[in-house]
Each structure stands twice: as C-alpha cells, then as structure tokens.
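First up is the structure itself, then whatever we jot down about it.
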Amino acid sequence: SQLPGSPWEVRATSMDAGRARSLLYPLGGALLLSGVAGTIYYYLTKKDEDEIKLVNIKANQWSTVKVQVPLSSVGLVIGRHGSNIKLIQERTNTKINFSDEEVDGHRTCIIRGSEENITVAQKLVIKAINDQPVIETTEMLVPIIAVGRIIGRNGDVVRNISHSSGAKVIVEREEDRATTQCPG
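Numbers in the working numbering are just positions in the sequence shown, counted from 1, shifted up by 39.
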C-alpha cells in the first residue's frame with residue numbers, strides 16, 4: 040500500500056505477523072494495567088488531599104477564650120486528678136488548660152474549641168467558681184492537757200469529729216498551749 044522505498048514501508052510474512060501479535064498483546068495488557076493503576080493512585084491521593092483540607096478547615100474554626108480564675112477556686116475547677124476539667128472537656132468537646140503564671144491572685148484558664156462549645160465550657164467554669172462553698176475558719180485555744188482527748192487514740196476522735204461535722208480539724212501544738220482550727 041505504501042510506495043517502495045518509503046520510510047514507512049512494512050513488509051511482513053504471515054509468520055512475522057503472528058510474532059508481532061504475540062508481542063503486542065502483552066504490551067497492550069501492560070498499558071491497560073498501568074492506566075488502571077494510575078487512575079486508582081489518582082483517586083487515593085485525591086482523597087488524602089480532601090481530608091487534609093477538611094482538617095485545615097476544622098483547625099481554622101477553633102477559637103480561644105481566656106477566663107481569669109481566683110487562686111482559691113483553681114483546685115475546685117480542676118477537680119481531684121483533673122476530674123472536673125476532664126468532664127467539662129468531654130461534655131463540650133473543648134481543650135482546657137491553666138497557665139502556670141499567677142497574676143493578681145488569679146490564674147488564666149485557656150479554653151480552645153469551636154465558638155459554640157467554648158461558650159458552654161466558659162459557663163461551666165464560671166458556674167464551678169460561683170458554686171464554690173464559702174469556707175469559714177474558727178480557731179479555738181485548747182489547754183494542752185485536753186489535746187490528747189481531742190485527738191484520741193490514733194486520731195480516732197478527731198477523725199470522727201471531722202466525719203460527722205464535715206469540717207476539717209487541725210490541731211497545732213505549741214509549748215504551752217494547743218490551737219485547734221476548724222475550717223468549714
């Protein structure tokens with residue numbers, strides 16, 4: 040079909056055509072598989088990029104609010120072993136930390152999260168501060184001779200007084216007298 044001597048002239052025998060087909064089938068299969076693999080790789084990579092964008096968008100929506108907490112209330116807000124803070128964090132999906140610095144008798148409570156969740160967490164922190172019971176301390180002078188009876192064997196009497204009254208009883212000893220404090 041081509042003119043003889045043309046650069047595109049192909050002459051083949053039936054034996055050469057069979058051999059060419061045997062080479063083209065694996066080559067075509069390889070091209071097909073590489074196309075499929077490329078498509079799969081593209082979609083897997085695209086999914087990761089979409090997830091990264093989603094994470095960045097979520098990070099940009101987080102805000103920070105600082106609440107000044109009186110030193111006398113910090114322990115109550117945090118709770119035993121951090122139980123109150125953990126509960127507030129779980130209920131509001133926020134992250135709460137306290138600064139180490141004390142400024143004018145306060146520490147800063149830092150609340151991070153979405154604006155909606157921060158508002159709820161802030162209200163719970165303020166409620167914990169406002170619901171703190173008022174603790175009164177009464178100091179009594181007790182004759183040294185009566186201290187042993189107040190303390191009791193192995194501290195049993197003091198422990199019973201504390202348990203039944205809900206007050207914390209502290210007995211301080213001095214040389215000629217003893218002071219008993221009953222805070223709460």
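Using N, Cα and C, we set each Cβ at its ideal position, and we do this for glycine too.
query: What separation, rounded to the nearest whole angstrom, lies between the Cα atoms of residue 175 and residue 204?; result: 13 Å
query: Spatial neighbours of residue 100 within its chain, please: C-beta separation below 7 Å, excluding the five flanking residues on both sides.; result: 153
query: Give, in chain order, every unbroken run of the beta strand (DSSP E) that is at least 3 residues long and sits entirely within the stretch 132-215.; result: 134-142, 145-152, 176-181, 209-212
query: When the Cα atoms are used, what is the spatial distance from residue 124 to residue 131?; result: 11 Å
query: Given this structure, state the Cα-to-Cα distance separating residue 198 from residue 187, to the nearest angstrom.; result: 13 Å
query: If you run the structure through DSSP and keep just helix, strand and coil, what is residue 89?; result: In this prediction, residue 89 has a pLDDT of 49, which is less than 50 and means its spatial position is unreliable; what the coordinates show is noted afterwards. Residue 89 falls in the helix class under three-state DSSP.
query: Report all residues from its chain with a CB closer than 7 Å to the CB of residue 138; omit the five preceding and five following residues, and keep chain order.; result: 146, 147, 149
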